[in-house]
Amino acid sequence: MARHLITSAIPYINGIKHLGNLVGSQLPADLFARYMRARGNEVLFLCATDEHGTPAELAAAKAGKPVADYCAEMHHVQAEIAKGFNLSFDHFGRSSSPQNHALTQAFAGRLADMGLIREVVEEQVYSNADGRFLPDRYIEGTCPNCGFDSARGDQCDNCTKQLDPTDLIDARSTISGSTDLEVRETKHLYLRQSELKDDIATWIGSKHDWPLLTTSIAKKWLTDGDGLQDRGITRDLDWGIPVKKGADDWPGMEGKVFYVWFDAPIEYIASAQEWVDAGKGTDWERWWRTDKGADDVTYTQFMGKDNVPFHTLSFPATILGSQEPWKLVDYIKSFNYLNYDGGQFSTSRGRGVFMDQALDILPSDYWRWWLLSHAPESSDAEFTWENFQTDVNKDLADVLGNFVSRITKFCRSKFSEAVPEGPDYGPAEDALIADLTTKLAEYETHMAAMEVRKSAADLRAIWVLGNEYLQSVAPWTTFKTDPDQAAMQVRMGLNLCRLYGVLSSPFIPDASAEILAAMGASDATWPDDIASAVTVLQAGHAFTVPEITFRKITDDERTQWAEKFAGTRD
RNA sequence: GGCGCGGUAGCUCAGUUGGUUAGAGCGAUCGACUCAUAAUCGAUAGGUCGGGAGUUCAAGUCUCCCCCACGCCA
């Protein structure tokens, strides 16, 4: 039994995430966590909401609520939706937690002690009307280069020229529209990532088995231009973790907070502390401190490609720079983007399906299956309603659902709602067992390697073997001449249902539970060998014919949904 | 503009260190079966592997150039 620490990239607090976000981190992380638990490993699966920063403040203001209240509400909303998708977090924390405050301040203090923090006085734009410093992207004005009137403070979207906010003509705040802006000097702390460049490069260079997507992004940042740059870790904001050096005040940094990119990944650790403080665990250090039992932990992170730099460079810089025995990530599984019907999902334009909407129209297993079996592993992937409909109907309703339906109903009509007797398994059954054994081994190999799409294809192939078997032995024909033989064939079919309930649970936990319940199966442990796994349900064991496990998506629904989610959500 | 990931059957995608007739699922066509959610099973058709040049006995797989899509950065 091994120990696996698993984290999913933490979703930002301001709103409900879309299916592309879901399949990029939380869902595959859940698949892996469920599989590892099923195989008897000890698993700690953590996630959280990322709550600090300007977007959260603005979203709260728009909602007319104090930012702390807004975040608390949105955290609750996201937690409930996560439950709706059966995301099996051991804890779903908050980056605004007291634990993360203390831990982030402790890391900053430690990094300062190690000489890895430097103070920088820089000029930033202050908006008198808004009463705040404005991040570059919240400043707009006329481009001095091309005259475009909506150039942003960091770049002109029209001519792509890189800009400084002070370059803009008639600069204004995009928050209030005010032009009453001024440049003020402000002091910030920078993490000297450049000092850690070689350490990080060596570490990344040792990871030969990581996805190409992960290492190529990391190496690009390490080698591009002058290499890894120092990065500001503080901001002039109200909402965030106050800048402190451990428990002590940080002279000259009063009223400032840590920059969200610095405190967010530290929440991975803090979430484990929250897990303990919530009474759900007893010892977080044996997961995170290599000097306190975490040296045998395998740590795997899941994330979309946009998050790779933070996990391959920034967070490791924090960990390595501390020179404290924190657990470093062992494997980073990164994903490309899921596109929606020929374009991008768009949060601002409401284009595509968002997590709450998805659950409103179909049970989570439909989404889990489709998204995981089309996970954007090697390149960007494409969601279309046509594909979703045909794939879900074929895989879930026809191949799996109908298998359970046909065998249970046949048994009920020819025998009873109990496993029939019959002779021992014969050559056809031995052949089936051999095929299942081969396929299961492939499934397990791909699951352990986090090859999500291939795992889904393997699982589907295992379902198909059941239909092939029934088709070839044809118990409905056998029954006419040799009811006893038919009974044995049905017994095998019913045992396959139970087996499928067990093997499918990482992908489709609800349907798996329904199947297992219908089969009256108390044993849901992962099979050591197929031969014994298909004898678990013995003659006389009662079962019930389940309701339709997966209904089909109709053409009407498909066209209706395609229209509904085409854009502009209110 | 620089860089990155891609461009393989109608669709969604696999193709290990270059090596016999390029694979899967869906869709299509034909057939079998009738227990089942008009489900299932089998068979067949369908690709000059984005374009061009090169290296090699041999290239989807390596090198160079170009085109297209997407993304990141400046």
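Converting from the first sequence to this note's numbering requires adding 507 to each position, the first position being numbered 1.
Every residue gets a Cβ at the ideal spot worked out from N, C-alpha and C, and that includes glycine.
In terms of residue numbering, what span does the alpha helix (DSSP H) encompassing residue i cover?
| i | result |
| --- | --- |
| Q631 | Note, Q631: premise wrong, no alpha helix (DSSP H); beta strand (DSSP E) at 624 to 634. |
| N974 | 959 to 980 |
| N894 | 892 to 899 |
| N909 | 909 to 921 |
| Y775 | 767 to 784 |
| D1017 | 1016 to 1025 |
| G1000 | 990 to 1011 |
| H953 | 934 to 955 |
| F1050 | From DSSP, F1050 is part of no alpha helix (DSSP H); its letter is neither H nor E. |
| T1042 | Run containing T1042: none; DSSP gives neither H nor E here. |
| R875 | 871 to 880 |
| K1071 | 1062 to 1071 |
Using the beta-carbon count (16 or more within 10 Å), is residue i buried or exposed?
| i | result |
| --- | --- |
| K987 | exposed |
| Q612 | buried |
| I517 | buried |
| E647 | buried |
| D1077 | For D1077, the predicted structure reports a pLDDT of 39, less than 50, and the residue's modelled location is therefore unreliable. The matter cannot be settled from this model. |
| T722 | buried |
| P883 | buried |
| L703 | buried |
| Q830 | exposed |
| K787 | exposed |
| H582 | buried |
| T1066 | exposed |
Using alpha carbons as the reference points, say which of the options lies closest to residue i.
| i | options | result |
| --- | --- | --- |
| W876 | S885, D965, A935 | D965 |
| S886 | T741, L720, A708 | L720 |
| E1070 | T891, S1019, W970, S1039 | T891 |
| I520 | R544, T561, Y542 | T561 |
| Q996 | Y847, A948, P930, M1026 | P930 |
| A1073 | N846, D537, G1027 | N846 |
| H559 | M543, A536, R601, F592 | R601 |
| L943 | T1061, V980, L1010, S685 | L1010 |
| A888 | I523, F842, A575 | F842 |
| D813 | W791, G800, I839, V804 | I839 |
| R960 | A925, F1014, N909 | F1014 |
| L1006 | A1040, T807, A563 | A1040 |
| C650 | D677, F895, G638 | D677 |
| N1002 | D1017, V926, K946, S979 | V926 |
| L623 | D643, S821, V574 | S821 |
| T693 | Y577, E761, C578 | E761 |
| I707 | K569, G800, M621, G828 | G828 |
| M508 | L735, E893, V804 | V804 |
| Y976 | D989, K834, A938, T945 | A938 |
| G849 | T681, D557, S923, N894 | N894 |
| W983 | F917, M954, D620, A555 | F917 |
| P934 | Q631, D705, P642, S979 | S979 |
| P823 | T709, A1018, Y873 | T709 |
Following the continuous beta strand (DSSP E) through residue i, name the residue where it begins and the one where it ends.
| i | result |
| --- | --- |
| E647 | 646 to 649 |
| A555 | 549 to 556 |
| T514 | 510 to 515 |
| S841 | 838 to 842 |
| G811 | 804 to 811 |
| N846 | 845 to 847 |
Please indicate yes or no: does the CB of residue i lie closer than 7 Å to some heavy atom of the ligand HEM?
| i | result |
| --- | --- |
| W710 | The model on display carries no ligand, and the ligand HEM is accordingly not part of it. |
Can you find at least 3 beta carbon pairs, one from the region 745 to 752 and one from the region 529 to 546, that sit closer than 8 Å?
-> Counting Cβ pairs under 8 Å, fewer than three are found: no touch.
Taking three-plus beta-carbon pairs below 8 Å as touching, is the region 508 to 526 in contact with the region 550 to 559?
-> In short, these stretches touch, since the Cβ pair count reaches three.
Let me know the beta strand (DSSP E) ranges lying completely inside the region 681 to 759, each 3 residues or longer, listed in chain order.
-> Annotation: the region 681 to 759 contains the following complete segments of the beta strand (DSSP E) (minimum length 3 residues), in chain order: 688 to 698.
Mind listing, in chain order, the continuous beta strand (DSSP E) runs of no fewer than 3 residues lying wholly within the region 583 to 624?
-> List check, beta strand (DSSP E) in window: 598 to 601.
Using 8 Å as the Cβ pair cut-off and three pairs as the minimum, do the region 895 to 903 and the region 865 to 876 touch?
-> A contact is defined here as three or more CB-CB pairs under 8 Å, and the region 895 to 903 meets this definition with respect to the region 865 to 876.
With contact counted as at least three CB pairs below 8 Å, one residue from each stretch, are the region 607 to 622 and the region 768 to 782 in contact?
-> Because the criterion of three Cβ pairs below 8 Å is met, the region 607 to 622 and the region 768 to 782 touch.
Would you call the region 1011 to 1031 and the region 1042 to 1050 touching, i.e. three or more CB-CB distances under 8 Å?
-> Taking 8 Å as the limit for Cβ pairs, the verdict is that the region 1042 to 1050 does touch the region 1011 to 1031.
Counting pairs of Cβ atoms below 8 Å between the region 682 to 691 and the region 782 to 800, do you hit three or more?
-> No, because fewer than three Cβ pairs between the region 682 to 691 and the region 782 to 800 fall closer than 8 Å, the two stretches do not touch.
Give a yes or no on contact between the region 538 to 547 and the region 728 to 743, applying the rule of three or more CB pairs nearer than 8 Å.
-> These segments do not touch.
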